[in-house]
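Heads up: the sequence shown runs through residues 22 to 326, numbered per my numbering.
A virtual CB, placed ideally from N, CA and C, is assigned to each residue, including glycine.
Bear in mind the structure is a predicted one, so any value in this text is a computation, not a measurement.
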Amino acid sequence: MSDYAFYSFQNEALLDLGADPLPLPVRREMEKEIFGGEEVRVDLIIEELYFFLDEFPDMRDLYAATMEALAWIAGANKGMEGDMEAAARFLLMGLDAAPDSLLLRSNYAMVLQLQGKGEDALEQYEVVLSDPEGKENPMVRLMAARLYAEQGEYLEAYRLLDDMAHDLPTDDAFWNFLAEMKELAGLEGEEEVDEEEEITVAASQASATCPACGTALRPGARFCRQCGTKVETGAQERHEVPKPSFCPGCGMQLREGARFCRQCGTKVENGAQVRHEEPKPSFCPGCGMQLREGARFCRQCGKPL
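Here it is, written out as structure tokens:
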């Protein structure tokens, strides 16, 4: 049996991740290597704890949260250093102690994806997405959608992306990706049944409008799909449309209080450069939706322009 010393390791990240401030076991022969440098070797501490729990398996439940947090810290550090193999190894150590950790599993999936192990990564993403909380992670959905697209499963990719539309209203790269998946999945020109029902309900009621630009909001929307303004719960209705402002450089409609145009980058200083003459609009030939200047796809129906 190994001879252990127990150390109190004060680390804010451990506490932030919900780990109890437990004493950490370190073999005597490893003390100098772990604590003798300018910084504490977290990567060696997790190996010491893993070794300790292998010798004393009845302590696994007590140290599960600590192992999870240390694995995430060590894995993230190695990932930032570009050592994906070491990052994967530490994340697996954590999953061995905390198999239900969505934090570790989603990060492990991303590391596998960066290593070019797409099928293994997708298997991990599917475990995360099967959990209601994991399904709400937009990064997991986006990364998984890219893997589905690489494998030719365009419908699966589109389904993952379509549910994210409310959360990424002004990300052109996202809308282009969504439109591409819709086209490749054979859904071009078709409308989802639930979206039709959503529009019907919205039309039958007094539709809530964006407080910044006046665009009608979809039921339950958290962001305006036109200008990206966040919509506070219970404060969505505003039927007096404010006078819009436009970028003096490219004519893009500006968000309220914007200092820079998100389309061309023109600086707007204290409103002095803002113009209120609306530029001549262009519309999608497929569905009639007004287009953003320079758009390559319609953000409403996905039609290439």
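**Residues bridged to residue 162 (per DSSP)** = According to DSSP, which records beta bridges pairwise, residue 162 is partnered with nothing at all.
**Message:** Please classify residue 226 as buried or exposed, where buried requires at least 16 other C-beta atoms within 10 Å of its C-beta.
**Reply:** Because the pLDDT at residue 226 is just 39, under 50, the model does not fix this residue reliably, and the point stays unresolved.
**Message:** How far does the alpha helix (DSSP H) with residue 205 in it extend, from its first residue to its last?
**Reply:** 193-205
**Secondary structure of residue 328, DSSP reduced to three states** = Nothing about residue 328 can be reported from this structure: the residues present for the chain run from 22 to 326 only.
**Touch test, the region 107-115 against the region 57-70, Cβ-Cβ under 8 Å, three pairs minimum** = yes
**Request:** Report the rounded CA-to-CA distance for residue 178 versus residue 229, giving the unit in angstroms.
**Result:** 30 Å
**Asked** In its own chain, which residues sit with a C-beta less than 7 Å from the C-beta of residue 220, not counting the 5 before and 5 after it?
**Response** Legend: pLDDT at residue 220 = 40, less than 50; position of this residue unreliable, value from coordinates given subsequently. So the list is empty, once near-sequence residues are dropped.
**Asked** What's the call for residue 153, buried or exposed, on a 16-neighbour Cβ count within 10 Å?
**Response** exposed
**Asked** Assuming residue 49 contacts residue 55 under a Cβ cut-off of 8 Å, what Cβ separation, rounded to an integer in Å, is found between them?
**Response** With a Cβ gap of about 11 Å, residue 49 and residue 55 do not count as contacting.
**Message:** Let me confirm a value: residue 41 is counted as buried when at least 16 other C-beta atoms fall within 10 Å, else exposed. Which label applies?
**Reply:** exposed
**Own chain partners of residue 148 with C-beta closer than 7 Å, once the 5 adjacent residues on each side are dropped** = 126
**Outcome for residue 30 when other beta-carbon atoms lying within 10 angstroms are tallied against a minimum of 16** = buried
**Asked** How is residue 73 classed by DSSP in three states: helix, strand or coil?
**Response** helix
**Message:** For the alpha helix (DSSP H) containing residue 153, name the first residue and the last one.
**Reply:** 153-156
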